[in-house]
Each structure stands twice: as structure tokens, then as C-alpha cells.
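For the protein sequence lines, the chains are A and B, in the order given.
Here the first sequence stands for residues 1044 to 1462, where the numbers follow our numbering.
Here the second sequence stands for residues 29 to 574, where the numbers follow our numbering.
Beta carbons: idealized from backbone N, C-alpha and C, even for Gly.
Structure record follows, encoded as C-alpha cells.
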Amino acid sequence: MNPVRTSIAALVLGAAVFLPAPAVAQSSAAGCEDGRRLAHTFDSGAAWSLCARIDEHHGLELIDLAYRAPGDRERPVLRSLHLAQILVHWHDANAPERRLGGNESGTAGLGGNASVVLGRNSCEGETASLAAPGADEGPAGVDTAADIMDQGIADEMPRLCARERASGLLAKYDQRAALQGEDWELFAVARQGLLVWRTGVTLTEDGSIAPSLALSGRLTRTSEDLRYAASATATEAGLVGAVLHATWRLAFALDTPATDRVEEFDFALETGAGNRRTMRIRPLVDESLRQVRRDSFRGWRVVDGESGAGYFLDPLDSALAWNSPGDDWARFDLAITRTADCERLASGNGVRADAGCGAGLDDFVNGEALDGADPVLWHSRTRNWVPRQEDLPFLSSVELDMRIIPFDWTDASPFEVVE
Amino acid sequence: MNALALARALGRRTSRRTARRTALVATLLGLAASGAAAQDMPSIAAADADCAPNERVDERFANGARWALCVESRVRENLVLKHVTYTPPGGEPFPVLASASLAQLHVAYDDNDVTYNDITQYGLGGGYLVELDAADCPYGELMDVRTRPAICRWRRTGGDGYRSAARALEKESVNLFSVSQVGAYAYVQSWTFHDDGTIEPGIGATGALQRSSDDTALPFGRVLAGDPDTLWLSHTHNYHWRLDFDVGAQSNDDTVTETSHPLGVDGRRARTTQRFDTETARRIEPTDLQAWHIWENAEGDGSTDAGVASGRGYRIEPERGGHRFERTDVEPHTGFDVFVTVARDCERFASQNARYEPDCLNDVLQYTDAESLVGADLVLWHRVGFHHVPRDEDQRHMHTHWDGFRIDPVNIASSGPALAVPGNMPPVLAMPEPRSDVVGDTVDVRLSASDPDGDTLRFSADRLPPGVRLSVDGTLSGELTAAGNWQATVRADDGSAFASGTLSWQVADVVASSGEARRRGWSGGSSGLALLLLLGGSLLVRRGRR
Chain A
1044 MNPVRTSIAA LVLGAAVFLP APAVAQSSAA GCEDGRRLAH TFDSGAAWSL CARIDEHHGL
1104 ELIDLAYRAP GDRERPVLRS LHLAQILVHW HDANAPERRL GGNESGTAGL GGNASVVLGR
1164 NSCEGETASL AAPGADEGPA GVDTAADIMD QGIADEMPRL CARERASGLL AKYDQRAALQ
1224 GEDWELFAVA RQGLLVWRTG VTLTEDGSIA PSLALSGRLT RTSEDLRYAA SATATEAGLV
1284 GAVLHATWRL AFALDTPATD RVEEFDFALE TGAGNRRTMR IRPLVDESLR QVRRDSFRGW
1344 RVVDGESGAG YFLDPLDSAL AWNSPGDDWA RFDLAITRTA DCERLASGNG VRADAGCGAG
1404 LDDFVNGEAL DGADPVLWHS RTRNWVPRQE DLPFLSSVEL DMRIIPFDWT DASPFEVVE
Chain B
29 MNALALARAL GRRTSRRTAR RTALVATLLG LAASGAAAQD MPSIAAADAD CAPNERVDER
89 FANGARWALC VESRVRENLV LKHVTYTPPG GEPFPVLASA SLAQLHVAYD DNDVTYNDIT
149 QYGLGGGYLV ELDAADCPYG ELMDVRTRPA ICRWRRTGGD GYRSAARALE KESVNLFSVS
209 QVGAYAYVQS WTFHDDGTIE PGIGATGALQ RSSDDTALPF GRVLAGDPDT LWLSHTHNYH
269 WRLDFDVGAQ SNDDTVTETS HPLGVDGRRA RTTQRFDTET ARRIEPTDLQ AWHIWENAEG
329 DGSTDAGVAS GRGYRIEPER GGHRFERTDV EPHTGFDVFV TVARDCERFA SQNARYEPDC
389 LNDVLQYTDA ESLVGADLVL WHRVGFHHVP RDEDQRHMHT HWDGFRIDPV NIASSGPALA
449 VPGNMPPVLA MPEPRSDVVG DTVDVRLSAS DPDGDTLRFS ADRLPPGVRL SVDGTLSGEL
509 TAAGNWQATV RADDGSAFAS GTLSWQVADV VASSGEARRR GWSGGSSGLA LLLLLGGSLL
569 VRRGRR
């Protein structure tokens, strides 16, 4: 980031506060040199702070996410959060294609030239300017020339949208007045050909983190073969459907500087023991690939090694599973690795300049002990998109998301005190 | 003879709802005869006729869509939606559901000492329904259930309808919710209707943890902070919905199909479609990528080419399937996630049904007894589960945990929500005259295009002569490196629509050209730039709107 440009005065936009990068760079060893420091405080006093940047390959990345519950101090949660791969298996194709780390310009990633500049027609909130390393073709997707003039900076354009949303009932008990919740949503947009990807993260007032990926834009893959296509019209061939697979990378750094550990929870039915479900907690001590077990409600908790504060990943939206050819790691729902900054993409990682450590999870996960390093969780979700008339001329957004929630982060709900 | 009596007289085997339907037709006929016929489809008229004023919901959206329905609160199910009809933008009213409700709230604790069927053991309506006030519904309006405000109607905006590079359209929706206090738990029944035709049934679990044990050594729960003497027990919430579809004009011609996209030996994923001709129970097979469709009629269902092409209906793609409760030795119905049955008014609950309907079967799997679905009114039952492991933050009160699913329209609207783009006009691209140049010439020129809406344009091109590139702002630059007769396609795109044209470009080999020509470059103030901006070639320009 240009140091001159980082001295732009803080933008105070409603409840959202965009802080200039230098202020954070001075106070954070990790820094926010090529991003922008952001913070948001809800009416309840709950707050989030983070650094947002655009990576050439994986697009939007949030760094140093810290949460402050009402009445609590700010505590770190994640060192880094970003999308790590998108696999698209068109129904009529013999193999899936990677959308990050590909060799062609349309599949290289979500940063650089793919990164879309946002404006009043594409962000129902406040925009924040970010650089997009790798961009060499000028701004894409700006609403009007006036937007460019307003920003005045070619390489640091409004590429991030932030907004606060009411989320409905946070808590309710009998006739007590309900607590209303709020979310803080951040997203960036990228364009690959005619496809448009929206990568976002929703940070809730009560500490949950929900990264998401939405596909929209225009579809051009058509076929006369109705085994693979649907929603044909009298004059045009049908659109070809696709299986979508999104993988997120969550590098944990919970609470204290002590190393975090990972636990796997299972609650298998014991038909021989009166249909009970014993809670079994297995420490995961080595790098490994794990699968959802729907019948035992498998989930994973990351716990701070000193305070015991944790976050839980419950793979609730795992009704569908990926089994397309290639990318062996993608047949698993979760990967756990030691933190390594050069391991960024679940596959296609070889395109990165700092990719001396492997091509992807099939290389990264090698049984190395997690001991002594904070863990990175790579979680995937699958959806099957089948075309319909509602997808013309623009694809009705198809969204995939996941969520981690605080688990023993505070001793009780920080939002209400019961007499 | 009043309308209902007339309907009853029409057939002794007429079900209660069919009688009501016939009565409504009779009512409509009467209205028509009196010159007061409703303009809407029968389902909307039915909602009016069969709906108390305080139960009626009729929401119109900015894109022209409309949802009309009736919401009733019953003692057991609480919210029962009736005559749910969607009108797409610019389209005709399209009946979707005759009725929809939560059909069981099954809670099984991990120690297996207790299993609750909350709807049939207690109920979510009547005295369990919580009176709401403005603090519960700060963004919406309260609706009365009988004399008490107990339903919040909330108009919301949020979530991408679609997104192009330059524009995004957010969805509008109306959300109806109520709160029922059952023991320590408060359940939030929620129904959201989006302007794109999607329905989202949902339920939130909040309130307080219900069951605990003094034996903190038990492996069935967790001891929470500040209370070392109490073990709070883990448990599963299984939510069952009953969806009585009446898709399209007729109630008894709907069909249900299961589509899947299993991986083929060639790596491709051909669709397979199975139409259910008899009552059936299905479970989610994660790698089959299933979805269940309810079609308007057999001619347009997904088992035919015509149906694949343009059949109209609704579909459920399972998403929330990460926690799948199964205990088939004592509750065989827990082995399945989706059921399709013939509609019967006495088959109300997914389990413990005989408790209130003693002349009828007891659970949804028993209803599924291979009866023919052909020509019948159909009900689809869907189950979603969530296993709750207590955490410190559940003390007190628990933050709402949401579960649910989506019911998406298929081919109901003639096209997507993009129709609501307010008057976007395509760009106008000024194409240059055909060009003749020589290998080695340099090029540096900006193409010209404009947009009636002032949208910023992004240029792109295919098949440019080697050595030349086009930047997104429309600048052609580079040095011609190869001879040939090139036909380049140039496009200016505003993110929603585009204009394109063909640029003919003859590049001669340097040996065959004159020295003067070889040194001529477009950047040198030559006539090339002027020609380019002279807006010629209009015959070659094509405008498009996707």
C-alpha cells in the first residue's frame, strides 16, 4: 500500500468505522501494510476489528480478527480468513475446474484484474478502498466515472463493502422483551469472464463468524443434451448445471498467545446401550483430513491452550458431498494443518510466488504434528446448482456459507443478566 | 343451500379441504353472477374467502411480485399457512401451497431418558404462544392472534437476488414469526417469502436449557462455567414440516420427482429423474446430489424433456443435513428425511398423530404405505435436525439457533430477478472503419463508446492481431507482429448489457509494404485515430442484453 495513501483520514460512516492503516500498523506487529484496518462497534458494545486486504489469488482476506463481547476485552480469534479454492464441476464435463490458482486469466483468482470496484449500484452500504495487487488493466465494474473521480486513486479503489444488518431475535425468553441482534457484513466482488463471485464474511454481534461465497453473473455454458442442461427456451439451448465446492481457510490464533489445540466431537448412537449417545472428544494432534459424520453429529472445536476459550465448527449444511474426480483432498470436509503462511490455496497453490511448500492440501497434509503451532482449519461445502428460467438473464445468486461460533468464549451470554 | 353444504352434497368421499375448495368455487361463481367477481386466481380469492381479516397477508414488492396467504394459529401446530400464492413480476398468480405447518418438534436427549414431541405433547399455540410487543418486533408490525398480538410481520431487504459486475439487486422479503414458550425453550416459528418466489420455513431455538443432571460424571452433556454441580444434557432437535402443495391451478395433478446427479464413469453428471407414483419415504444420499421437485402437472414434470426444459414447480435442495438423527429401532420414521404422501386432513403430525387423530395412523412413515399418488392431492414432509451441545454462552439466555430450508421456484418467472433492473440501457459502441497496417506498426488509440445510463464501460476483444492488446478502458496498444487478415470482436460492457462489433484489420508483411507504410503508427496522429472515432461501421455493431 502506498504510505501516502494510507494516511487518508478515517472514514466515519454511520456505525461503521474505517480506520486508516497507519494507525493500526503502529499498534500491530502483524501490521496491515497492504490492507485496511476496519472496526465496528454495535450498540450493545460488542465489537469487531480486523485488517482487510485483497490477495491476487484468493481475493478478500481478513487478517487479525478480534472480537470484544459486551463487558469483555478485545481478544483475537483468527489470524487469517479467506477462501482457499472454488471447484466447479459442470455436469457435462469430465472433470472439475479450479477457479483459484488456475493457469488461465479467467481462473487465476479473485484478485488482480478480477477484483471489481464497487459503487452505489453494487454496495448497499459503505465502501472502503483497497488495492488489488496484480491488477494491470485498470478498474473493472465501476458504476460511473464519478466514482473513480471521487476516489481519485487508480490502484486503491472501493473494493470492499461493509454494512450493518438487523438479524432478528438474538434471544427471547417468555414474556421478557426480546434482544435484537445485528450483523456486520463485509464483502468483495470478483469477475471471472461473465461469472461474478461475491466473497463475504458476516460477523455477528454475539461472536459468530460466517464466511460465504455467492455465484451470480451470466451463464454461457449451454447444451442441447437435456441430461446435463435445463430451462431451455424455444430459441436457445438449455443452461448446463454445475456442482460447486467452496473451501475456506481459517488460521486460528485464539485468545492468549498459547498454542491452540483441535478437538473432534462425536455422539454416535449406542444401540446396545439403550440408544444413548456418549460424547467422545478426540484430540487431533497431527495434520489430517477429516470427514463429516452425519449420524454422529461430528463437529470440531478449537481451544486456546491456556484459557480454554474456544470456537466450534459445526458442519450443519453438509447435506451434499463432493466426489468428483481429482483433488483428493476435496473428498474430505475438513483439513487440519500447521500454520504456514505459504500454504494458502487448497489446490493450485503452486501459482503463488511464495509457494515453496506444495501445490495444495494433498501436499500440505502429511501427518506432521500440530504440537507447537496454531492450527489452520480448511472447511468445504458443496452445492448442486441446476438451472431454471429464473437464472436468465442473470443467475439468481447461489450461496454457500459456513459458520464458527464462540464456544466457552465467555462464561455466560454477555447480553443479558438474569436476576 | 349455502356454499359449503353444496360442496358436501357434491360427493360423499370429498375430503374436508376439497369440500372447502368446492365451496369456494361455488362462492366465486356466486360472486361472478352478482357481478362482483374477484380479479385474482382462485387461490387468492380463496385466501380472502377463507381468511379472517386479521389473518390475511398480502404483500407486494418493488419488483412487481406479490405474496398472498392466510396465517392461522392453532393450539398444536401454531402457525398454519393457507392458500399461499405467489405472483411473479409481470406474471399471473401462481398457487403454491394449500397449507403449510410445522408438524412435529421432536427433541431427543443423549442420555435417552426423555424424548419430547413438543407439538403433540404440549403445542406451540394456545397458552404456549407468547404475546409480543414492540420490543419483539421493532422493525415490523404486530398481527393479532385472536385478541393478542402474537405474530410479527417484518418486511426486509437483504441477500443478493443477482449480481453483475456493476450492479446488484437485493431481495425483498416478508417474514412472519411468532414465539412459543415450551418449558424452558422458546421456539421462534418463522416463514419468509422472498420477492423472487422463494419460501424459507425456519425455526429458532432460544430461551434456556431444559434438562440437567446432578451426576456431573455422565458422558451425555457438559458442566458449564459457574455451576460445577450441574451437567447440562446434550440433545437433538428434529423439526418436521408438513407441506400440502397445490402447485398451479389444480390440486390433484401435481407430481413429485427426485432428481440426482450421480458421478458417471466418464466423470460427467447426467441427471436422473424418478417420478414417485406411490407414496414414498426418502433419505438424503450426500453424493447423489438429490433435490425434490413438486411440479404443476405430469406433462411438465422433470421426467420428460418438456419438463426439464420449462416445467413449472418448486424444489427443495437439501442443505442442512450435517446432523442426521436416526433411531430406527424405536422410531422407524427417523430413518428418512423426505416423505411424499396423499393429503389427508387427519394426518397432521409427523409423530404421535393418533394422540389427536385416533382414527388415523400414528406417524409419517405409517402414512407412507404405497398408496397411489396419481391424481391425488400431495403432501411433502421434510425433516431437519440439529444436535445441541451446551456451551457456556447458553447461560442465560440462549442465543437463537436457526434451522430451516428453502423451497425454490422453478420456471415460475419467465426470467430472473434481473427484470427488476430499473431501465438499464445497453452501451453504444462506435466501431472504426476496416484497417490496413503493416507488421511493425505501433498502435496506441482509445476506442469510443458511451452508455445512456452513464455506466462505466469495460472493453474486451477476441482475435486481435498478434502484438495488440485492448485494455478494459478501451485502449488498443502494442506493435503489430504478424501479417494476416484479422477479424477482431470488440465488446463494450456495462456489467448488465453490452454492445459488440467486428473490427476488420488487414496487416501486411513488412517486406511487401512500402517504407512509408511500415513506419506509420496509429499513435502518430495518423488518420487511424480519426477514423476510429468517426463512428463508422454502424452496420457491424451488434447490441446485446443478456
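For V412(B), the closest of G155(B), E347(B) and V456(B) by C-alpha to C-alpha distance is E347(B).
DSSP assignment within the segment 329–408 of chain B yields the following whole beta strand (DSSP E) runs of 3 residues or more, N-terminal first: 341–344 and 366–370.
Residue nearest to D243(B) within the set V112(B), V500(B), W260(B) and A236(B) is W260(B) (criterion: CA-CA distance). CA-to-CA, the gap between F1295(A) and A516(B) works out to about 50 Å. Straight-line measurement puts the Cα of D1406(A) at about 50 Å from the Cα of E324(B). If you draw a straight line from the Cα of Y150(B) to the Cα of F89(B), it is about 37 Å long. Non-local beta-carbon contacts of L157(B) in its own chain, meaning distances under 7 Å to residues more than five positions away in sequence, involve S101, N106, V173, A178, S206 and S208 in chain order.
Look at P314(B) here: in three-state DSSP terms it is helix.
Within chain B, no C-beta atom comes less than 7 Å from the C-beta of V1394(A); the nearest is roughly 21 Å away. Using a Cβ-Cβ cut-off of 8 Å, A214(B) counts as an interface residue toward chain A, since at least one Cβ of chain A sits closer than that to its own. Against chain A, a Cβ distance below 7 Å from D139(B) picks out R1319. The alpha carbon of I147(B) has as its nearest neighbour, out of C165(B), E169(B), Y213(B) and V112(B), the alpha carbon of Y213(B).
According to DSSP, residue pairing for Y213(B) in a beta bridge involves V210(B) and G235(B). With fewer than 16 other CB atoms across the displayed protein chains lying within 10 angstroms of its CB, Y167(B) is exposed.
The segment 460–474 of chain B makes no contact with the segment 424–436 of chain B: fewer than 3 CB pairs, one atom from each, lie closer than 8 Å. As DSSP reads the structure, A1233(A) sits in a beta bridge with S1158(A) and W1240(A).
DSSP lists S532(B) as the beta-bridge partner residues of Q515(B). Residue pairing from DSSP places L97(B) in a beta bridge opposite V85(B). Scanning T503(B), G468(B), L457(B) and V496(B) for the CA closest to the CA of F526(B) turns up L457(B). When the five nearest sequence neighbours on each side are left out, the beta carbons in the same chain lying within less than 7 Å of the beta carbon of Q238(B) are those of G211, A212 and Y213, in order along the chain.
Here G1284(A) is buried, its C-beta having at least 16 other C-beta atoms within 10 Å. Ranked by Cα distance from N1137(A), the first of W219(B), R297(B), S201(B) and S532(B) is R297(B). Between the C-alpha atoms of Q1223(A) and F1458(A) there is a straight-line separation of about 10 Å. The three-state reading of DSSP puts I1379(A) in strand, counting E and B together. Listed along the chain, the chain B residues whose CB falls inside 7 Å of the CB of P1449(A) are E421.
Cβ atoms of S129(B) and R270(B) come within 8 Å of each other, at about 5 Å. A residue is called buried once 16 or more other Cβ atoms fall within 10 Å of its Cβ, and A1171(A) is buried on that count. D436(B) carries a strand assignment under DSSP once its states are collapsed to helix, strand and coil. In the three-state scheme derived from DSSP, where H, G and I count as helix and E and B as strand, S1339(A) is classed as helix. For F1407(A), the secondary structure class from DSSP, reduced to helix, strand or coil, is helix. A straight line joining the alpha-carbon of P123(B) with that of I312(B) spans about 28 Å. Listed in chain order, the non-local C-beta contacts of L1363(A) below 7 Å within the same chain comprise T1425, R1426 and N1427, local neighbours out to five positions each way being set aside. With a threshold of 8 Å between beta carbons, P1254(A) makes no contact with chain B.
Here M426(B) is bridged, per DSSP, to G235(B). Interface residue (Cβ-Cβ distance to chain B less than 8 Å): F1085(A) is not classified as such. Here I1106(A) is not near A1289(A), since their CB atoms are 8 Å or more apart.
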